[in-house]
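*Asks:*
In my numbering, the protein residues as written are -6 to 102.
1) Residues in its own chain within less than 6 Å of residue 39 by CB, not counting five upstream and five downstream?
2) Pick helix, strand or coil for residue 45, following the three-state DSSP scheme.
3) Under a Cβ-count criterion, where at least 16 other Cβ atoms within 10 Å of its own Cβ denotes burial, should residue 10 be classed as buried or exposed?
4) Is residue 36 a contact residue of the ligand HEM, with contact defined as CB to any heavy atom under 7 Å?
5) Using DSSP's beta-bridge definition, name the partner residues of residue 36.
6) Inspect the CB distances between the stretch 46 to 57 and the stretch 21 to 32 and report whether three or more fall short of 8 Å.
7) Secondary structure at residue 69, three-state DSSP: helix, strand or coil?
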C-alpha cells in the first residue's frame, strides 16, 4: 500500500462535496476501483497529518504549496494497481492545480 497526500488550495467542504458527488453513497473512507484506492480527509489538529514528518519536510511542503496545509486528502493505493490514472481523475484539484500540491510516493512534485 502506498500513500499519497493532496494538499488542495481550495476549501475543505468544497473538496468533500466533490468527492461525495464523484463517489456517492460512501464515505469514511471513500473507495474507488473495487477497493484499490481508499480516500479520506486527514487533519493536522484532529488527526495524524504531518505528525510523523520531519520539520525540514514540513518546511519544504509549506514552500511548495505556498501555504501551511492544515488538512489533506489522503489516498491509500493498493499494490495491486499503479493508481496514477485513478488519482489524476479524482476531483480533488479542480481548478486549483496551480496552487495544490501532490505529495507522496512517486507523485511528489
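For every residue, glycine included, the Cβ atom is placed at its ideal position computed from N, Cα and C. As the structure is a computational prediction, the values presented were derived from the model and not from experiment.
*Replies:* Concretely, from the data shown:
1) As a first step, residue 39 is located in the chain shown; it is residue number 46 there, counting from the start. Excluding sequence neighbours, residue 39 sits near nothing in its chain.
2) Taking the chain shown and counting its residues from 1, one reaches residue 45 at position 52. It is coil, neither helix nor strand.
3) Here residue 10 corresponds to residue number 17 of the chain shown, with the count starting at 1. With fewer than 16 other Cβ atoms within 10 Å, it is exposed.
4) Looking at this structure, you won't find the ligand HEM or any other ligand, since it has none at all.
5) As a working mapping, residue 36 is identified with position 43 in the chain shown. DSSP output for residue 36 lists 64 as bridge partner(s).
6) no
7) On the chain shown, position 76 is the one that residue 69 refers to. Looking at residue 69 - three-state DSSP - the assignment turns out to be strand.
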